[in-house]
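**Q**
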Amino acid sequence: MRVLLVGAGGVGGAITRIAARRPFFEAMVVADHDPARAGAAVAALGGDARFTAEEVDAGDEAAVAGLLARHGCDVLLNATDPRFVMPLFRAARAAGVTYLDMAMSLSRPHAERPYAQCGVKLGDEQFAQAAQWEREGVLALVGMGVEPGLSDVFARHAADELFDEIEEIGVRDGANLTVDGYGFAPSFSIWTTIEECLNPPVVYEAGRGWFTTEPFSEPEVFDFPEGIGPVECVNVEHEEVLLVPRWVDARRVTFKYGLGREFVETLKTLHLLGLDRTDPVTVPGPDGPVDVSPRDVVAACLPDPATLGERMRGKTCAGTWVRGVKDGRPREVYLYHVVDNQWSMAEYGSQAVVWQTAVNPVVALELLASGAWSGAGVLGPEAFPARPFLDLLTAYGSPWGMREQ
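Basically our numbering = 1-based index in the sequence shown + 33.
(1) Between Gly347 and Ala208, is the Cβ-Cβ spacing less than 8 Å?
(2) If you check the beta carbons only, do Ala96 and Val89 fall under 8 Å apart?
(3) Bridge partners for Thr211 per DSSP, in chain order?
(4) State the DSSP-derived secondary structure class of Val186, mapped to helix, strand or coil.
(5) I believe Val62 touches Glu94 by the beta-carbon criterion, under 8 Å. Please report the beta-carbon distance rounded to the nearest angstrom.
(6) Note down the Cα distance separating Phe196 from Gly361, rounded to an integer number of angstroms.
(7) I'd like to know whether the C-beta of Val179 is nearer than 8 Å to at least one C-beta of chain B.
(8) Answer with buried or exposed for Leu110, where buried requires no fewer than 16 other C-beta atoms within 10 angstroms of its C-beta.
(9) Give the single residue among Ala82, Gly42 and Ala60 whose Cα lies nearest to the Cα of Ala69.
(10) Put Asn354 into one of helix, strand or coil per three-state DSSP.
(11) What's the C-alpha gap between Leu275 and Val75?
(12) DSSP puts Met177 in a beta bridge; with which residues?
(13) In this structure, how does DSSP classify Asn374 when only helix, strand and coil are distinguished?
(14) Going by alpha carbons, who is nearest to Trp280 out of Ala419, Thr315 and Lys359?
(15) Given 8 Å as the limit, is there contact between the region 258-271 and the region 159-171, that is, 3 or more CB pairs closer than that?
(16) Can you give me the start and stop residues for the beta strand (DSSP E) that Met435 sits inside?
(17) What are the partner residues of Trp224, as DSSP defines its beta bridges?
(18) Roughly how many angstroms lie between the CA atoms of Val39 and Asp134, to the nearest whole one?
(19) Inspect the beta-carbon positions of Asp114 and Ser220 and report whether they are closer than 8 Å.
(20) Cα-Cα, which of Pro432, Trp354, Asn393 and Gly410 is closest to Arg205?
(21) Enumerate in chain order the residues of its own chain whose CB-to-CB distance from Ala416 is below 6 Å, with the five nearest sequence positions on each side excluded.
(22) At a cut of 8 Å, does the region 50-58 reach the region 372-385 through at least three beta carbon pairs?
(23) In the DSSP assignment, find the unbroken alpha helix (DSSP H) run with Gly72 in it and report its ends.
(24) My guess is that Ala405 and Val179 are in contact by the Cβ rule of under 8 Å, so how many angstroms apart are they, rounded?
(25) Rank Ser407, Arg35 and Met177 by C-alpha distance to the C-alpha of Val108 and give the top, closest one.
(26) If Ala25 and Val411 are in contact, beta carbons under 8 Å, what's the gap, nearest whole angstrom?
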């Protein structure tokens, strides 16, 4: 397997460190718009000849396709933010190579009823091309991070082995992470966080389909394992709600994020001030007016999440809560994966949130390389058997858990 990894930021850098310990691939080209960042990611691996650095604009489909051809890559792994999903998705299809991402094509709210009806849903642009990918015999494995990704694998595992009937699948994400020296320092891309938290959340119900609610709706307190404890979680737009019902039979699917009240109020303030906008505004500059995106300004004012590991304390938990029936009796479980920042920093030099995101596409790549996973078309993680993934994740030294509720 020869992989083109596009994006050498926090998650991309963690991917290289995890992959470097595994023998399943022949080469990995690490490409970024910033050649210094790509070079630094490769240099950190201590001379592993399988890795090379390249410069590429993720939005330039021809340049990405050319890079795939020049290095003879058969997989494109997208570790950029969601704005670049479609150019990279199209470049992979043009080159006839396998495509993986960790977030899907962007949504657009319903023009008239944004908090009741879906407009363009997450992943709609990708699924619109599913027939062509399948006809051409090429695989696009979408949403293969931690959430979406591992959370979807948990949903498939629950359906395969734990339940006869499923009433509800609810992804629940929470943490007790703190960052020394910062009053507000998100542990993941603020650009992506704003996108998913301020868009109308999507809920799925059998018979009704997908519908939307108000941002931060239906608050609940969820008790997270391994010492994290109770965290207030709210509805947030996320890919699992769009992916799980395509392959897993459940009467209701939700995603709730443990943001904390201070974080929610900060996001509401950004929205109130228009600082969540992505369309440019004109501001004065030393050489004349300059067009800038307010959201890009917010991101530039905050610390890079990849650099926060030394200041972070605590654990992060990604998991899938499932309620249903097994052998005629009610059952409720929480399948989860916890990463302690102290462990991930000591073991890999990566902070917990980006490491937890990064390990899952590497596991998926290894399953594709071995043939344990295979397919064609645009498929989510729940389209594949869960057990091989969960067993290999444990073999990577990062076991998952299950709690009977």
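All C-beta atoms in this analysis are idealised placements derived from N, C-alpha and C, irrespective of residue type, glycine included.
**A** Per the coordinate set shown:
(1) For the purposes of this step, residue 347 is identified with residue 314 of the sequence shown, where counting begins at 1. For the purposes of this step, residue 208 is identified with residue 175 of the sequence shown, where counting begins at 1. Result yes, Cβ atoms of Gly347 and Ala208 sit closer than 8 Å.
(2) Locating residue 96 in the sequence shown gives position 63, counting from the first residue. Locating residue 89 in the sequence shown gives position 56, counting from the first residue. Contact: yes.
(3) The residue given as residue 211 occupies position 178 in the sequence shown. Answer is Arg346, bridged to Thr211.
(4) Here residue 186 is taken as the residue at index 153 of the sequence shown, counted from 1. Note: Val186 maps to helix in three-state DSSP.
(5) Locating residue 62 in the sequence shown gives position 29, counting from the first residue. Locating residue 94 in the sequence shown gives position 61, counting from the first residue. Incorrect: roughly 17 Å between the Cβ atoms, too far for contact.
(6) For this step, residue 196 is matched to residue 163 along the sequence shown. For this step, residue 361 is matched to residue 328 along the sequence shown. So the two alpha carbons sit approximately 10 Å from each other.
(7) The displayed structure is made up of one protein chain only, and chain B is not part of it.
(8) Position 77 of the sequence shown, counted from the first residue, corresponds to residue 110. By the neighbour-count rule (16 or more Cβ atoms within 10 Å), Leu110 is buried.
(9) As a position in the sequence shown, residue 69 is number 36, starting the count at 1. Checking every option, the nearest Cα to that of Ala69 belongs to Gly42.
(10) The residue labelled residue 354 in the question sits at position 321 within the sequence shown. The question names Asn, but residue 354 is Trp in the sequence shown. In the structure shown, Trp354 sits in a strand (DSSP, three-state: E or B).
(11) Reading the sequence shown from its first residue, position 242 is the one you call residue 275. Reading the sequence shown from its first residue, position 42 is the one you call residue 75. Taking the straight line joining both Cα atoms gives about 35 Å.
(12) The residue you call residue 177 lines up with position 144 of the sequence shown. BP columns for Met177 are empty, so no partner.
(13) Here residue 374 refers to the residue found at position 341 of the sequence shown. Here Asn374 sits in helix by DSSP.
(14) Position 247 of the sequence shown holds residue 280. Trp280 has its Cα closest to that of Ala419, out of Ala419, Thr315 and Lys359.
(15) no
(16) Sequence index remark: in the sequence shown, residue 435 carries index 402 (1-based). Unbroken beta strand (DSSP E) run through Met435: Gly434 to Glu437.
(17) Walking along the sequence shown from the start, residue 224 turns up at place 191. Note: Trp224 sits in no beta bridge, so no partner.
(18) In the sequence shown, residue 39 corresponds to position 6, counting from 1. In the sequence shown, residue 134 corresponds to position 101, counting from 1. When rounded, the distance between both Cα atoms is 10 Å.
(19) Residue 114 sits at position 81 when you count from the first residue of the sequence shown. Residue 220 sits at position 187 when you count from the first residue of the sequence shown. Contact flag unset, no.
(20) Start at 1 with the first residue of the sequence shown, and residue 205 comes out as number 172. Selected option, being the one with the closest Cα: Trp354.
(21) Locating residue 416 in the sequence shown gives position 383, counting from the first residue. Only Trp280 meet the Cβ criterion.
(22) yes
(23) Sequence index remark: in the sequence shown, residue 72 carries index 39 (1-based). Note, Gly72: alpha helix (DSSP H), Pro68 to Ala76.
(24) By 1-based counting over the sequence shown, the position of residue 405 is 372. By 1-based counting over the sequence shown, the position of residue 179 is 146. Contact flag wrong, Cβ pair sits at about 20 Å.
(25) Indexing the sequence shown from 1 puts residue 108 at position 75. With distances taken between Cα atoms, Val108 lies closest to Arg35.
(26) Because residue 25 is not part of the residues shown, which for the chain are 34 to 438, the question remains open.
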